[in-house]
Structure formats: structure tokens, C-alpha cells
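S.K.: Before I ask anything, here is the structure I am working with.
Protein chains: 2
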Amino acid sequence: MTTDLTEAVVDSLKDTTDPRLRELLASLTRHLHAFVRETEPTMAEWERAIDFLTATGQTCTDTRQEFVLLSDVLGVSMLVETINADEHGTDSTVLGPFHMTESPVRELGADIDLVGGGEPCVVSGRVLSLDGTPLPGALLDVWQANAEGFYDVQQPEVQPAGNGRGLFTADAEGRFWFRTCVPSPYPIPTDGPVGDLLKATGRHPYRPAHIHFIASAAGHVPVTTHIFVAGSEHLDSDAVFAVKESLVQDFAETDDPSLAREFGVPNPFRHARFDLVLNPGRS
Amino acid sequence: MTTDLTEAVVDSLKDTTDPRLRELLASLTRHLHAFVRETEPTMAEWERAIDFLTATGQTCTDTRQEFVLLSDVLGVSMLVETINADEHGTDSTVLGPFHMTESPVRELGADIDLVGGGEPCVVSGRVLSLDGTPLPGALLDVWQANAEGFYDVQQPEVQPAGNGRGLFTADAEGRFWFRTCVPSPYPIPTDGPVGDLLKATGRHPYRPAHIHFIASAAGHVPVTTHIFVAGSEHLDSDAVFAVKESLVQDFAETDDPSLAREFGVPNPFRHARFDLVLNPGRS
Chain A
37 MTTDLTEAVV
47 DSLKDTTDPR
57 LRELLASLTR
67 HLHAFVRETE
77 PTMAEWERAI
87 DFLTATGQTC
97 TDTRQEFVLL
107 SDVLGVSMLV
117 ETINADEHGT
127 DSTVLGPFHM
137 TESPVRELGA
147 DIDLVGGGEP
157 CVVSGRVLSL
167 DGTPLPGALL
177 DVWQANAEGF
187 YDVQQPEVQP
197 AGNGRGLFTA
207 DAEGRFWFRT
217 CVPSPYPIPT
227 DGPVGDLLKA
237 TGRHPYRPAH
247 IHFIASAAGH
257 VPVTTHIFVA
267 GSEHLDSDAV
277 FAVKESLVQD
287 FAETDDPSLA
297 REFGVPNPFR
307 HARFDLVLNP
317 GRS
Chain B
37 MTTDLTEAVV
47 DSLKDTTDPR
57 LRELLASLTR
67 HLHAFVRETE
77 PTMAEWERAI
87 DFLTATGQTC
97 TDTRQEFVLL
107 SDVLGVSMLV
117 ETINADEHGT
127 DSTVLGPFHM
137 TESPVRELGA
147 DIDLVGGGEP
157 CVVSGRVLSL
167 DGTPLPGALL
177 DVWQANAEGF
187 YDVQQPEVQP
197 AGNGRGLFTA
207 DAEGRFWFRT
217 CVPSPYPIPT
227 DGPVGDLLKA
237 TGRHPYRPAH
247 IHFIASAAGH
257 VPVTTHIFVA
267 GSEHLDSDAV
277 FAVKESLVQD
287 FAETDDPSLA
297 REFGVPNPFR
307 HARFDLVLNP
317 GRS
């Protein structure tokens, strides 16, 4: 009878106009029913699941996305990101739940740490096409938590809007550079249903220190990624499974007074250098 | 790599204190990842799914449970109900999303149609143990929509609280009887995300006419079920897949002046008679 029921649900989708929606829902139905048949939840467990999903939806606000967080801690976000990633350019990783406001347009060299809260550093590099050609005018959308591990949207009364964020345009040689503070590891929000899930499963909520990037350029596949700070705690147990070795970057202690002057930072300073490589393959 | 990711998530659950929770989450992770690998959603499709789940959570209120509705229209509720059903007694079916307030205690024979909106009828029968022994003092929790197809909680300004609901105690011979109106087919709520899903899949939102019951008695397994009105529209295409043939009951036109007098209804009247059979197997 239970297999009949699954096929009855799949059959009920036969008049779906969009064939892709039909494919997605038929597959979802089969996998969801297979999960239920395998685990045989009690009515109380089913009710608990309904309550959990409801609370997850009701925890979402304009500045908080608890379902993205749930997708993140179950590795679903990273799986979808990996499936959609371009294999050739810079490795991608998850978008995360905090890319929810527009990053303010900033000049190259600007400091995105508007409150001066942490250890100053410089991030610089180039945006390149797969063959090494620089991509002048490439756009870099950058966002990060402050030195205490909070994004601007999480602390509207403490941080000015746009703190830790910037939208940069690479120069004529595809170069970019900006100032910020070295990011810290931080816990994902634990005061909602996803935090309860982590507690119940004995998992810590920390992400290793990172800066988010979306790099895009005309005629190229955009890439959504992070750079992770080499040596950061939790690199081997990211709560959202987003670390790729290729994305771990040295924020090297740099003693170079003339470079410090050029960047407008005190010497010595920490400096991460890396290039973002985009694939012209799809556009 | 994607299989590694799935196993990394499963492995992260290893410190879960409750072994059942670990089993449920590990199975959920594997089936959810299998769905994603099979369908390869685009980032836009993933975002649409996040938005849909968020809207579903945010549509829930004290008197509306959109996630139960989602579980219903995907056949998950019926599957869980069937897995948990006792095979021996009266067939069970879904609880549905409208068992959310306590049914008022009523005397046997009471009319649960407080506004007199539809065709009057009598529902009567016995609560029995599997071997046919009557179960005196068995409890019957009853709820139904009014003749227009709405539950009291959906129309707080039109229907008095408790309209269509009653908590009855079977008499010394296990008998029950009450008056109501013949229920009508009705659409499940279509003004939320689940309604959008039905529209997109070309499915109608109707349920065939039915009355809900939860029957319970000391030392017996309770049963959650409906009786469906024989001849009702949509018996073969219930939006929530809950019809079982054994639950379809004749609401027979009855011409019996003395019985009508006994029940306190005008003659002729419609009369559904059926017995609820509970299993002492588990308690």
C-alpha cells in the first residue's frame, strides 16, 4: 500500500505545466517517501518535524534566513553549490545567509572595516580569465563579519550598515585591493531551531575565519566563494562544510614600509594576495 | 566529492546523544542529498525552494498549519499515518491540520451543528474491542467542517468556537450517537504556498465530504480516522490521499418517525451507522 501511495502522489503531478517542476516534485516525493519508509517515524516524531520546520520558517526575518542556515548545516547548500560550480576557474563555496543587503560601491583601496575593530590587513590580487588574461572592470562583491564575528545586519545598533562590505571594480589591469580587519572564526546563529539541532547533535556552530566574494566579469561565469584565513581554528570542522583547500590563504605578516604607505596601513601589516580566475566557458 | 560531502555530514552527527535522532538525521541527510544529486537543482531553483519553505513557515498561525498541509498534499502525512496504523482495528487516516482546538465535551445526542447550516443527519454506532466486546466509556473526539466547507477556526467571525466539534463518551454498551449536518466536500486552504503548489501542478484542492474521529478507550490503541460520505465528489482524487474504501459510509435517507423522534430530528433524516473497532494489542 505504501508504494501505491507514493505512485499516487507522483501520478497526481501529471498535469504540471512546467516539466522541470514536475521532475523536481516527483523526485522529491520519491526520496521523501523513501526516507519515511526507511525510518518509520512515529506520529510524535512527525509532529516534532512539523514544529521544527514551522519554527525555522518563523525565525526568518528580513535580516535572518534560518532555512538557508538549515540547508547549510545539512551540507545541502554546499552540495548544490558544488553541482553548479564551474570546474575550471577558482573553486566556489557557499553563499551563506548574510548576502542579504547590497554592498556599498567603494573605491579600490577603501577600508571596509568602518569601525576599526580588528587587526588591519590588506587583501589584493587580480581577476583573470582562464588563460591568464586580466579582466579589467571585473566586479568584486565582498562581505565579512567584524573582528567579533558578527555581520553588520546582525548588529544594526552597533555596526553601521555596510560595515565589512564593499563592491569593488577591478582596475585596467584586473587588479583589486582593499583594506579590512583580519576576520575571526564565528558561530552561526545558535538562538534558533538550527542552533537547537546543532546542540542536539553535539556539533559546534563555528565557521573558520573567512571573507566572502562574488566575482563577475562580462562574458565569464561568476564565482561565489570565500577565502579562508590559513591557521584559523575550525578549518577542519566548518559547521557548514564549506572549506576547500584551494581557498585557504595566508594572511602573511608583511614588513614593507613603502607598501604599507602605498596601501595606507601601519607597517608591519597582514596581507592576503590571491587571484580569482573566471571561466569564459558559459556566460 | 559530493559523496564525500554526504558522508562528512553523516559523520558530523556521531556525537548525537539520542541514537534515534542520529538515525533520523543520517537517513534524512542521505535521502536529501540523493534528491539533490539526482535533480541537480540550479542556484535559482534552490533559492526558490528556500523561499517556498520560508513562506510555508510564515503562513502558519495559531489556527493554520501550512506545513501539515504541505505534508498532506505530498502524501507524507498519509504515509506516516499508515506506517503507524494498527492493522487490526478500524482503518486510520490522516489527522489533518484542523485538530487544533479542544473539542467541547458534549452529551450523547447533542447537535454539533450549532448554526443549523446544512442537511441534518444522525451519526451513530458503537466502539468495540477487536473481539466485538463493547467499550463503555470510550472517548470519541469528533470534528468536521460546516456545510459550506469551513472549520470553526477558519471563520471565527461567522462560526461560534466549537461548531462542528464534540467530545463524546460512549454509553455503558459502547454506543454513541450525535446530530450534525451532512458535511460537504471542501477545498483545503489555497491562499498560501501550498495552494500555489497545487495550482502549479494542475491539482484541485478538494477533499471529499468527511467527518473526523479520534476514538480511544482504556487498554486499547487509539485510532485517528474519518468517515467519508458515500457518493461524495472527489472520493477518487482526495487532495491529501486519505481515502480508504473501508471508511466510506452511507449517509442513508431514513424514513422512521419513531427513530427521528428518539434522535430529536425531523423525519425523514439522513443516518450514518458504523462501528469503531479498537485493538487491545498495544496500549
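Chains as they are written, first to last, in this note's numbering: chain A, 37 to 319; chain B, 37 to 319. Ideal placement from N, C-alpha and C gives every residue a C-beta, glycine not left out.
#1: Do three or more CB pairs link the segment 136-146 of chain A to the segment 191-202 of chain A at distances below 8 Å?
#2: What residue range is occupied by the uninterrupted beta strand (DSSP E) comprising residue 277 of chain B?
#3: What do you reckon, are the CB atoms on residue 262 of chain A and residue 129 of chain A nearer than 8 Å?
#4: Rounded to a whole number of angstroms, what is the C-alpha to C-alpha distance between residue 78 of chain A and residue 281 of chain B?
#5: Is there a Cβ from chain A that is less than 8 Å from the Cβ of residue 315 of chain B?
#6: Residue 295 of chain A to residue 120 of chain A, Cα distance in whole Å?
#7: Could you list which residues in chain A have their beta carbon closer than 7 Å to that of residue 82 of chain B, in chain order?
#8: Could you name the residues of chain B that residue 78 of chain A contacts, counting a contact when the two beta carbons are closer than 7 Å?
#9: Hey, does residue 75 of chain B have any beta-carbon neighbour from chain A nearer than 8 Å?
#10: For residue 127 of chain B, does the three-state DSSP call read helix, strand or coil?
#11: If you check the beta carbons only, do residue 219 of chain B and residue 180 of chain B fall under 8 Å apart?
#12: Anything in the segment 243-268 of chain A with a Cβ closer than 9 Å to a Cβ of chain B? List those residues in chain order, please.
#13: Does the CB of residue 42 of chain A have a neighbour CB from chain B at under 8 Å?
#14: Which bits of chain B does residue 135 of chain A rub up against, with CB to CB less than 9 Å?
#15: Checking contacts by CB at 8 Å: is residue 37 of chain A closer than that to chain B?
#16: Let's test the definition: count the other Cβ atoms within 10 Å of the Cβ of residue 167 of chain A and tell me whether it reaches 16, buried, or not, exposed.
#17: Take every Cβ of the segment 266-281 of chain A, pair it with every Cβ of the segment 151-169 of chain A, and state whether three or more of those distances are shorter than 8 Å.
#18: Which residues in the same chain have their Cβ closer than 7 Å to the Cβ of residue 289 of chain A, if we skip the five residues on either side of it in sequence?
#19: Quick one: list the residues of chain A neighbouring residue 132 of chain B, beta-carbon separation under 9 Å, in chain order.
#20: For residue 245 of chain A versus residue 273 of chain A, is the C-beta distance shorter than 8 Å?
#21: Output needed in chain order: residues of the segment 219-239 of chain A with a Cβ under 9 Å from some Cβ in chain B.
#22: Measuring CA to CA, which of B:255, B:254, B:242 is closest to residue 270 of chain B?
#23: Who pairs with residue 165 of chain B in a beta bridge, going by DSSP?
#24: From residue 174 of chain A to residue 81 of chain B, what does the alpha carbon distance come to, in whole angstroms?
#25: Taking C-beta pairs closer than 7 Å, name the residues in chain B that residue 277 of chain A reaches, listed in chain order.
#26: At least one CB of chain A closer than 8 Å to the CB of residue 241 of chain B: is that the case?
#27: At which residue ranges does the segment 145-230 of chain A contain complete beta strand (DSSP E) runs of 3 or more residues, listed in the order of the chain?
#28: Any beta carbon from chain A within less than 8 Å of residue 69 of chain B's own beta carbon?
#29: Between residue 311 of chain A and chain B, is the shortest Cβ-Cβ distance under 8 Å, so that the two count as touching?
#30: Using only CA atoms, which one of A:47, A:298, A:104, A:238 lies nearest to residue 92 of chain A?
#31: What residues in its chain sit with their C-beta under 7 Å from that of residue 88 of chain A, if we drop five residues either side in the sequence?
#32: Short of 9 Å Cβ to Cβ, which residues in the segment 95-110 of chain A face chain B?
#33: Rounded to the nearest angstrom, what separates residue 302 of chain A and residue 287 of chain A at their Cα positions?
#34: What are the residues in the segment 53-66 of chain A lying within 9 Å of chain B by C-beta distance?
#35: Which residue comes first and which comes last in the alpha helix (DSSP H) that contains residue 288 of chain B?
#36: Kindly list the residues whose CB is nearer than 6 Å to the CB of residue 234 of chain B, restricted to its own chain and excluding five residues on each side of it in sequence; keep chain order.
M.R.: Walking through what the data contain:
#1: With three or more CB-CB distances shorter than 8 Å, the segment 136-146 of chain A counts as touching the segment 191-202 of chain A.
#2: Taking the second sequence and counting its residues from 1, one reaches residue 277 of chain B at position 241. Per DSSP, residue 277 of chain B belongs to no beta strand (DSSP E) and is neither H nor E.
#3: One-based indexing of the first sequence puts residue 262 of chain A at position 226. One-based indexing of the first sequence puts residue 129 of chain A at position 93. Yes, the Cβ-Cβ distance between residue 262 of chain A and residue 129 of chain A is below 8 Å.
#4: Reading the first sequence from its first residue, position 42 is the one you call residue 78 of chain A. Reading the second sequence from its first residue, position 245 is the one you call residue 281 of chain B. Roughly 24 Å separates the two Cα atoms.
#5: For the purposes of this step, residue 315 of chain B is taken as the residue at position 279 of the second sequence. For residue 315 of chain B, the answer is no, since every Cβ of chain A falls outside 8 Å of its Cβ.
#6: By one-based count along the first sequence, residue 295 of chain A stands at place 259. By one-based count along the first sequence, residue 120 of chain A stands at place 84. In this structure, the CA atom of residue 295 of chain A is about 38 Å from the CA atom of residue 120 of chain A.
#7: By one-based count along the second sequence, residue 82 of chain B stands at place 46. Against residue 82 of chain B, the close residues of chain A are 116, in the order they occur along the chain (beta-carbon pairs closer than 7 Å).
#8: Here the question's residue 78 of chain A lines up with position 42 in the first sequence. The contacting residues are 120.
#9: By one-based count along the second sequence, residue 75 of chain B stands at place 39. Closer than 8 Å to some Cβ of chain A, the Cβ of residue 75 of chain B qualifies, so yes.
#10: Counting from one through the second sequence, the residue named residue 127 of chain B turns up at place 91. DSSP places residue 127 of chain B in coil when its eight states are reduced to three.
#11: Residue 219 of chain B sits at position 183 when you count from the first residue of the second sequence. Residue 180 of chain B sits at position 144 when you count from the first residue of the second sequence. Yes; because the gap between Cβ atoms is below 8 Å, this pair is in contact.
#12: Taking 9 Å as the Cβ-Cβ cut-off against chain B, the residues of the segment 243-268 of chain A that qualify are 260.
#13: If you number the first sequence from 1, residue 42 of chain A lands on position 6. It does: the Cβ of residue 42 of chain A has a partner Cβ on chain B nearer than 8 Å.
#14: Stepping through the first sequence from its first residue, residue 135 of chain A is reached at position 99. Within chain B, no residue comes near residue 135 of chain A; the closest Cβ sits about 11 Å away, beyond 9 Å.
#15: In the first sequence, counting from the first residue as 1, residue 37 of chain A sits at position 1. Any reading at residue 37 of chain A is ruled out, since the residue's pLDDT is 48, under 50, leaving its predicted position unreliable.
#16: Position 131 of the first sequence, counted from the start, is the residue given in the question as residue 167 of chain A. Using a 10 angstroms sphere on the CB of residue 167 of chain A, the tally of other CB atoms stays under 16, which defines it as exposed.
#17: Contact fails: fewer than three Cβ-Cβ distances are below 8 Å.
#18: Here the question's residue 289 of chain A lines up with position 253 in the first sequence. Take residue 289 of chain A, set aside five residues on each side of it, and the residues of its chain with a beta-carbon closer than 7 Å to its own are 304, 306, in chain order.
#19: Numbered from 1 along the second sequence, position 96 holds the residue referred to as residue 132 of chain B. At a C-beta separation below 9 Å, residue 132 of chain B has no neighbours in chain A, since its nearest C-beta there lies roughly 12 Å away.
#20: One-based indexing of the first sequence puts residue 245 of chain A at position 209. One-based indexing of the first sequence puts residue 273 of chain A at position 237. The answer is no: Cβ separation not under 8 Å.
#21: Hits within the stretch, in order: 233, 236, 237, 238, 239.
#22: Your numbering for residue 270 of chain B matches position 234 in the second sequence. It is B:242.
#23: The sequence position of residue 165 of chain B within the second sequence is 129, counting from 1. Bridge pairing for residue 165 of chain B: B:314 [DSSP].
#24: By one-based count along the first sequence, residue 174 of chain A stands at place 138. By one-based count along the second sequence, residue 81 of chain B stands at place 45. Rounded to the nearest whole angstrom, the C-alpha separation of residue 174 of chain A and residue 81 of chain B is 26 Å.
#25: Against the first sequence, residue 277 of chain A aligns to sequence position 241. Chain B residues near residue 277 of chain A: 41, 44, 45.
#26: Residue mapping note: residue 241 of chain B aligns to position 205 of the second sequence, counting from 1. Chain A contact via Cβ: absent.
#27: Qualifying beta strand (DSSP E) stretches, in chain order: 156-165, 175-179, 201-205, 211-217.
#28: On the second sequence, residue 69 of chain B is found 33 positions in, with the first residue counted as 1. Residue 69 of chain B counts as touching chain A.
#29: Taking the first sequence and counting its residues from 1, the one referred to as residue 311 of chain A is at position 275. Closer than 8 Å: no.
#30: For the purposes of this step, residue 92 of chain A is taken as the residue at position 56 of the first sequence. Residue 92 of chain A has its Cα closest to that of A:104, out of A:47, A:298, A:104, A:238.
#31: Working through the first sequence from its first residue, we reach residue 88 of chain A at position 52. Only 229 meet the Cβ criterion.
#32: Against chain B - using a Cβ distance shorter than 9 Å - the residues of the segment 95-110 of chain A are 95, 96, 101, 102, 103, 104, 106, 107, 109, 110.
#33: Taking the first residue of the first sequence as position 1, residue 302 of chain A is located at position 266. Taking the first residue of the first sequence as position 1, residue 287 of chain A is located at position 251. Their Cα atoms are separated by approximately 15 Å.
#34: Taking 9 Å as the Cβ-Cβ cut-off against chain B, the residues of the segment 53-66 of chain A that qualify are 53, 54, 56, 57, 58, 59, 60, 61, 63, 64, 65, 66.
#35: Sequence index remark: in the second sequence, residue 288 of chain B carries index 252 (1-based). Unbroken run through residue 288 of chain B is the beta strand (DSSP E), 288-290; no alpha helix (DSSP H).
#36: If you number the second sequence from 1, residue 234 of chain B lands on position 198. The beta carbon of residue 234 of chain B is closer than 6 Å to those of 241 in its chain, skipping five residues each way along the sequence.
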